[in-house]
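Scroll down for the structure; my scribbles are underneath it.
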Amino acid sequence: MMTPQQLSDFASKICPMHVIIDASGKITSAGPTLRKLRPELEWDGADFFAVFTMSRPRWVRTVKDMLSSAGAKLHMNFDSEPQTGLKAVLAPLPDGGGFLNMSFGISVLEAVQDYDLTSADFSPTDLTIEMLYLVEAKSAAMEASRQLNMRLQGAKIAAEEQAFTDTLTGLKNRRAMDHVLARMIAAGREFALMHVDLDFFKQVNDTMGHAAGDAVLQRVAQVLVECTRDADTAVRVGGDEFILLLDGLTDPSKLENIANRLIQKLEQPIPFEGKMCQISASAGTTLAKGAPPRDAATLIHEADLALYAAKNAGRGRHLFYQPHMEMAG
184 MMTPQQLSDF ASKICPMHVI IDASGKITSA GPTLRKLRPE LEWDGADFFA
234 VFTMSRPRWV RTVKDMLSSA GAKLHMNFDS EPQTGLKAVL APLPDGGGFL
284 NMSFGISVLE AVQDYDLTSA DFSPTDLTIE MLYLVEAKSA AMEASRQLNM
334 RLQGAKIAAE EQAFTDTLTG LKNRRAMDHV LARMIAAGRE FALMHVDLDF
384 FKQVNDTMGH AAGDAVLQRV AQVLVECTRD ADTAVRVGGD EFILLLDGLT
434 DPSKLENIAN RLIQKLEQPI PFEGKMCQIS ASAGTTLAKG APPRDAATLI
484 HEADLALYAA KNAGRGRHLF YQPHMEMAG
């Protein structure tokens, strides 16, 4: 027959949440996990009913009551805060005391978090171990899922950005312009649409090659961004044609200044592999203001007419759309 100390040592190994009480209800042994829950408590010699409050069965109030309920599930809480709920089953001992094997029951996850418990605090055969492994696996799976979702979202954003971006210049493309233009018209925004076309760009491509042409287009994109605001949209609609959507800007004098500054900057020689590329630009602008609002196709058509009027007038200049241009067109 085991001595009380041997019984305590044995129980601590296989039931780390056990309590052994004597016939008077004094605690003679407590498992290491229980001690971890109340490290400040003097467990040995403490009165069981001073440490725990029985919640069910309600009639259990003494050691005798507990012994008479041997084999039945007991529900109790710590008497002090936090009043963690526990479950236990009592087995009578020959000396008149009892052995209580305790667990957290379904509140185990909350207890693990509250007391920073690990698998080492439970019996290796306890189902709690399996539950902790499942929780850990679920957490790992959820984190992997979250990371995957973030990567997919990032890939989606990158794909959408690429779908609306001109790969050579980094400006918005025609598809993006259609979306922005439709949104501005639907919102009743006042804005200017400026169509910019490069002069003498074909000569650069023909005499210096397409690599030089690409360098020129990238410089043009840089100038367009420099001469506009963050609220504006610079678009490469194809080849050497660009459109600016200037949100909230319909003042002719300000627009004339922007166009002239663009043209002046673009007439400055652009270096490429030790040589200079010389181009210019023409621009035509129409204003989206007043009622009724004009549709996107009409606005683009009007800016086109103004642009080609500027080219026919000698290139390197800017003109606003005028109704009489319809006849000339």
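Oh and the sequence shown: position 182 is 365 in the numbering used here, straight run, nothing missing.
Cβ coordinates follow ideal geometry from the N, Cα and C atoms, glycine included.
Over what stretch of residues does the beta strand (DSSP E) that includes E450 continue unbroken?
-> From DSSP, E450 is part of no beta strand (DSSP E); its letter is neither H nor E.
Which whole-angstrom value describes the C-beta separation of L331 and V418, a residue pair presumed to lie in contact below a C-beta threshold of 8 Å?
-> Incorrect: roughly 34 Å between the Cβ atoms, too far for contact.
Tell me whether P215 sits in a helix, a strand or coil according to DSSP, three-state version.
-> helix
Distance CB(I453)-CB(V408) smaller than 7 Å = no
Run through DSSP, which three-state label would M200 get?
-> In the three-state DSSP reduction, M200 falls in the coil class, being neither helix nor strand.
CB-CB under 8 Å to A365, same chain, minus the five flanking residues each way: which ones, in chain order?
-> A479
Quick one, are the C-beta atoms of H501 and A493 less than 7 Å apart?
-> yes
With a cut-off of 8 Å on the beta carbons, I'd call G396 and V403 a contact; round off their distance for me.
-> Contact doesn't hold; Cβ gap of about 10 Å is too wide.
Return helix, strand or coil for K270, following the three-state DSSP convention.
-> Per DSSP, reduced to three states, the secondary structure at K270 is strand.
Short check: CB of A375 to CB of T433, under 7 Å?
-> yes
State the DSSP-derived secondary structure class of H393, mapped to helix, strand or coil.
-> helix
Which residue comes first and which comes last in the alpha helix (DSSP H) that contains S251?
-> V246 to S251
Which residues in the same chain as N443 place their Cβ atom closer than 8 Å to its Cβ, once the five residues preceding and following it in sequence are excluded?
-> Cβ-Cβ distances below 8 Å link N443 to H501 in the same chain, with the five nearest sequence neighbours on each side left out; the list follows chain order.
Minimum C-alpha distance to R357 - residue among A496, F261, G392 and L428 | By alpha-carbon distance to R357, the top candidate from A496, F261, G392 and L428 is L428.
Hey, would you say M259 sits closer than 7 Å to L269, going by beta carbons?
-> yes
Cβ neighbour criterion (16 or more within 10 Å) applied to H166 = Nothing in the structure corresponds to residue 166, since the chain is present only between 184 and 512.
Would a C-beta distance cut-off of 7 Å place D349 and L381 closer than the cut-off?
-> No. Outside cutoff.
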